[in-house]
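One structure is given here, and the rest of the page talks about it.
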Amino acid sequence: MSLALPQPQTPAAVREMASARLGGPVRLFRAPGRVNLIGEHTDYNLGFVLPAAIDRYTYAAARPRAGRELRMSSAQFPETFTLSLDRLQPIRGWGNYLAGVADGLQAQGLSLQGADLFVTSEVPHGAGLSSSAALEISTGLALAALSGAPFDPLHLVRAGQHAEHAFAGTQSGVMDQFISTFARAGHALRLDCRNLEWELVALPAGCALVVCNTGVKHELAGSEYNQRRKECEIGVDLLRRDRPEIASLRDVTLAELNAHQSELTPVVFRRCRHIVTENQRVQDAVRAFHEGNFARLHRLFAASHASMRDDYEISCRELDLMVAAAEAAPGFLAGRMTGGGFGGCTVNLVRPNLVDSFRSATAQAYAQASGLEAEIIATPAAAGCEELR
Ligand code: ADP
Ligand code: MG
Numbered sequence: 012m013s014l015a016l017p018q019p020q021t022p023a024a025v026r027e028m029a030s031a032r033l034g035g036p037v038r039l040f041r042a043p044g045r046v047n048l049i050g051e052h053t054d055y056n057l058g059f060v061l062p063a064a065i066d067r068y069t070y071a072a073a074r075p076r077a078g079r080e081l082r083m084s085s086a087q088f089p090e091t092f093t094l095s096l097d098r099l100q101p102i103r104g105w106g107n108y109l110a111g112v113a114d115g116l117q118a119q120g121l122s123l124q125g126a127d128l129f130v131t132s133e134v135p136h137g138a139g140l141s142s143s144a145a146l147e148i149s150t151g152l153a154l155a156a157l158s159g160a161p162f163d164p165l166h167l168v169r170a171g172q173h174a175e176h177a178f179a180g181t182q183s184g185v186m187d188q189f190i191s192t193f194a195r196a197g198h199a200l201r202l203d204c205r206n207l208e209w210e211l212v213a214l215p216a217g218c219a220l221v222v223c224n225t226g227v228k229h230e231l232a233g234s235e236y237n238q239r240r241k242e243c244e245i246g247v248d249l250l251r252r253d254r255p256e257i258a259s260l261r262d263v264t265l266a267e268l269n270a271h272q273s274e275l276t277p278v279v280f281r282r283c284r285h286i287v288t289e290n291q292r293v294q295d296a297v298r299a300f301h302e303g304n305f306a307r308l309h310r311l312f313a314a315s316h317a318s319m320r321d322d323y324e325i326s327c328r329e330l331d332l333m334v335a336a337a338e339a340a341p342g343f344l345a346g347r348m349t350g351g352g353f354g355g356c357t358v359n360l361v362r363p364n365l366v367d368s369f370r371s372a373t374a375q376a377y378a379q380a381s382g383l384e385a386e387i388i389a390t391p392a393a394a395g396c397e398e399l400r
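Be aware that the sequence shown starts at 12, since it is given in this note's numbering, and climbs by one per residue.
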């Protein structure tokens, strides 16, 4: 599957298009996609992650309508949907995410109203930049704002997660919805997925964020994701026999894991080792960002990539080639695969004055090695969801 990047749109142009589609003035909301700097597959293991929002957004335009219906269309998908707020259940197609978000908001006590919604996005879908969370949070914000009642941004996060779990059938963690909601410009966000405590981490002026899209997404992503979750649970169940207070791999040290190696299958041991060491790398990376220590970030990103490739086994040839292409390019400071794995993107820290040379050298080396065209986005760390007035 090719993953061409949709072109950035201006809010004014989106508002005009949406008003034409919905037949009158609209309220306009948006929520960003995200890239995870480090901390992969740690979220559902109740560990640490360090995502940043990218300046690619999903826009949701809305007009209230009388009655209990939601009608929605998208600039990227041909199907349109009409849902009743009184009978929300999983459906086929992208409208499923809205059904899930609306259901999740109502389950938390918000009284929603009927609406006409139009969605358009610059976040490529299926590229590991979480277009689904951007869709959930932008439309969730629209529905919550139209209801007129006060709400907590955490309602949006929970509703988005409900859409993934109970409607889309993806047992994902809380990271994507959280960063799309709470991101701050110029910052990454360190999230503790066990208690949702979070901390903004300013990105040093000496590095720019560059996302490189391999242009591939291998089909095993979904099934392998759920398989990895299961393997982590098996590890926790075995470790808990010795120490019942272990609730997740978050509660396990590397020394403790090593001490129990013989009780785990080699595969389960390696899966657990990735999570345990990755949690530590997030903590170390936060410190390195604070200190502007790029040599340390280089080692941490490289170790994270190797751990995902060898222990968690979620990399693929194209991701490894893209990381190698970037490493040899001018301005490279640190890089690794990012997201669920089996395709999608790498994330890189690059010297700001060399972003253009980095971009062309990486694209050229990747094309030579893989025969594929890379799509490369240099992005500031962007702000989270908002209404545009
Ligand atoms: P990712 O979140 O990594 O981009 P997912 O498979 O989780 O990939 O989510 C992609 C799905 O989200 C799409 O198949 C579609 O159902 C929905 N989606 C994403 N962007 C849009 C959009 N602009 N309009 C409608 N639906 C969208
Ligand atoms: Mg998704």
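For glycine and all other residues, C-beta sits at the position ideal for the given N, C-alpha and C.
For residue i and residue j, I'd like the C-alpha separation in whole angstroms.
i, j, result
"Glu-147", "Asn-206", "22 Å"
"Glu-398", "Arg-79", "23 Å"
"Ser-259", "Val-247", "6 Å"
"Ile-65", "Glu-267", "37 Å"
"Cys-204", "Leu-39", "30 Å"
"Gly-125", "Met-348", "41 Å"
"Phe-312", "Glu-338", "11 Å"
"Leu-332", "Gly-351", "17 Å"
"Ser-30", "Pro-341", "45 Å"
"Arg-292", "Arg-26", "42 Å"
"Ala-110", "Gly-354", "28 Å"
"Gln-18", "Gly-104", "23 Å"
"Asn-269", "Ala-24", "56 Å"
With respect to 7 Å, is the separation between the Cβ of residue i and the closest non-hydrogen atom of ligand 2 below this value?
i, result
"Ser-149", "no"
Nearest to residue i by CA position, among the options, is which residue?
i, options, result
"Asn-47", "Lys-228, Ala-194, Pro-363", "Ala-194"
"Pro-391", "Gly-217, Phe-353, Gln-294", "Gly-217"
"Phe-178", "Ala-299, Leu-99, Val-361, Pro-19", "Leu-99"
"Glu-274", "Arg-284, Asp-295, Leu-250", "Leu-250"
"Tyr-55", "His-166, Arg-240, Leu-202", "Arg-240"
"Ala-336", "Ala-380, Val-279, Gly-355, Ala-73", "Ala-380"
"His-316", "Gly-35, Thr-264, Pro-89, Gly-50", "Gly-50"
"Thr-225", "Cys-356, Val-37, His-301", "Cys-356"
"Gly-184", "Ala-394, Arg-67, Gly-35, Ser-141", "Ser-141"
"Arg-45", "Thr-276, Ser-326, Met-186", "Met-186"
"Pro-89", "Glu-244, Thr-131, Ala-378, Leu-360", "Thr-131"
With a threshold of 7 Å, establish whether the CB of residue i neighbours any heavy atom of ligand 1.
i, result
"Gln-403", "The question about residue 403 has no answer, for the chain in this structure spans 12 to 400."
"Gly-78", "no"
"Ala-138", "yes"
"Gln-20", "no"
"Gln-172", "no"
"Gln-272", "no"
"Ser-143", "yes"
"Val-406", "Only positions 12 to 400 of the chain appear in the structure, and residue 406 is not among them; the question remains open."
"Val-222", "no"
"Leu-146", "yes"
Within 10 angstroms of its Cβ, does residue i collect 16 or more other Cβ (buried), or is it exposed?
i, result
"Leu-14", "Below a pLDDT of 50, predicted positions are generally treated as unreliable, and Leu-14, at 44, falls in that range; no measurement from the model is reported."
"Gln-172", "buried"
"Pro-255", "exposed"
"Leu-211", "exposed"
"Thr-69", "buried"
"Ile-388", "buried"
"Met-12", "Any reading at Met-12 must be qualified, since the residue scores a pLDDT of 37, below 50, and its modelled position is unreliable; the value itself is stated next. Classification for Met-12: exposed."
"Asn-364", "exposed"
"His-285", "buried"
"Thr-192", "buried"
"Leu-61", "buried"
"Leu-265", "exposed"
"His-301", "exposed"
"Gly-137", "exposed"
"Asp-321", "exposed"
"Pro-43", "buried"
Ligand 3 and residue i: does any heavy atom of the ligand fall closer than 7 Å to the residue's C-beta?
i, result
"Thr-288", "Absence of ligand 3 is noted for the structure shown, with ligand 1 and ligand 2 being the only ligands found."
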